[in-house]
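Position one of the sequence shown corresponds to residue 902 (my numbering), numbered consecutively onward.
In this text, a Cβ means the ideal position worked out from N, Cα and C, and glycines have one as well.
Bear in mind that the values here come from a model prediction, so they are computed numbers and not experimental data.
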Amino acid sequence: MTPPARVFLFGPRACGKSTVAKRLAAKLDGWTVLDIDQEYHTRFEGAPVSEQHDLPYYAACRRILLDNIKREHVVFALGGGDLVNSVALDIRHANLDDCRRHGTLVLLLPSRFTKRTLDILFERESRRTYTIPKQFLRKELEHRLPLMRECADLIVYGTAPDQLAHRIIQRCRLK
């Protein structure tokens, strides 16, 4: 396996994409992070979280991805639905094709077991400033998890960001 010039981290909400992206880039000389959600909030300051599941949101995230996808040595933290949303199918498929063509897609999951994954994600979500009902999170995970698994070049399991970053480095032969 040739080491990728770009790593695309994705997974369900609260799985640690942003944190792992920062840890991974810090362990790799010359690598940077592009967090799609963070970049969205920088470009569209004040956009409420509730609007993050509509077509304009996914179109804006697509633009951010396209603006940066050819940069080398970048760890991308994709938004939770950038590859698996049910609102913007054309965008979803285009994102997947572009990410596959330009790097390695790494799915982050806290556990191999769906129920344990749900419990961990819900506990993490409950620490945020907005609340997502567990029933909503469960339905979203049940719908998106099979799609996520299909998209992944690599799946890494765990809850410790440094350990996940180390596994990605090993499995992608980045060092």
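Tell me whether residue i sits in a helix, a strand or coil according to DSSP, three-state version.
i	result
Ala960	helix
Thr903	coil
Leu1075	coil
Phe977	strand
Ile992	helix
Leu984	coil
Ile1056	strand
Among the options, whose alpha-carbon lies nearest the alpha-carbon of residue i?
i	options	result
Met969	Val934, Arg993 and Gly982	Note on residue identity: the sequence assigns Asn, not Met, to residue 969. Of Val934, Arg993 and Gly982, the residue nearest in Cα terms is Val934.
Tyr958	Glu973, Met1049, His942 and Lys928	His942
Thr1015	Arg972, Arg1002, Gly982 and Gly1059	Gly1059
Leu1065	Pro1011, Asp955 and His1044	Pro1011
Thr1032	Phe1023, Lys1040 and Arg1039	Phe1023
Arg963	Glu973, Cys1000, Ala927 and Val975	Cys1000
Gln965	Ile992, Val985, His974 and Lys1035	According to the sequence shown, residue 965 is Ile rather than Gln. Selected option, being the one with the closest Cα: Ile992.
Leu1006	Glu1043, Arg1072 and Gln939	Arg1072
Lys923	Ala960, Arg972, Ala978 and Lys971	Ala978
Val921	Lys1035, His1067 and Ser987	His1067
Gln1036	Asp1020, Ala961 and Asp936	Asp1020
Ala1053	Arg1002, Glu940 and Ile937	Arg1002
Asn986	Glu973, Ser919, Lys971 and Ala960	Ala960
Arg954	Asp936, Glu1051, Pro1034 and Gly982	For the record, residue 954 in the displayed sequence is His; it is not Arg. It is Gly982.
Asp938	Ser919, Pro1047 and Thr903	Ser919
Assuming residue i and residue j form a contact by the criterion Cβ under 8 Å, report the distance between their Cβ atoms to the nearest whole angstrom.
i	j	result
Leu1008	Ile1070	Not really, about 16 Å apart at Cβ, beyond 8 Å.
Gly917	Pro1062	6 Å
Is the separation between the beta-carbon of residue i and that of residue j shorter than 8 Å?
i	j	result
Pro905	Gly1004	yes
Met1049	Phe911	yes
Glu1026	Ala927	no
Leu997	Leu984	yes
Leu956	Ala989	yes
Leu1038	Thr1018	no
Arg1045	Pro913	yes
Arg907	Val975	yes
Could you name each continuous alpha helix (DSSP H) segment of 4 residues or more that falls completely within the stretch 916-953, going from the start of the chain to the end? 918-928 and 937-944
Contiguous alpha helix (DSSP H) assignments of at least 4 residues, all confined to the stretch 999-1048: 1015-1026
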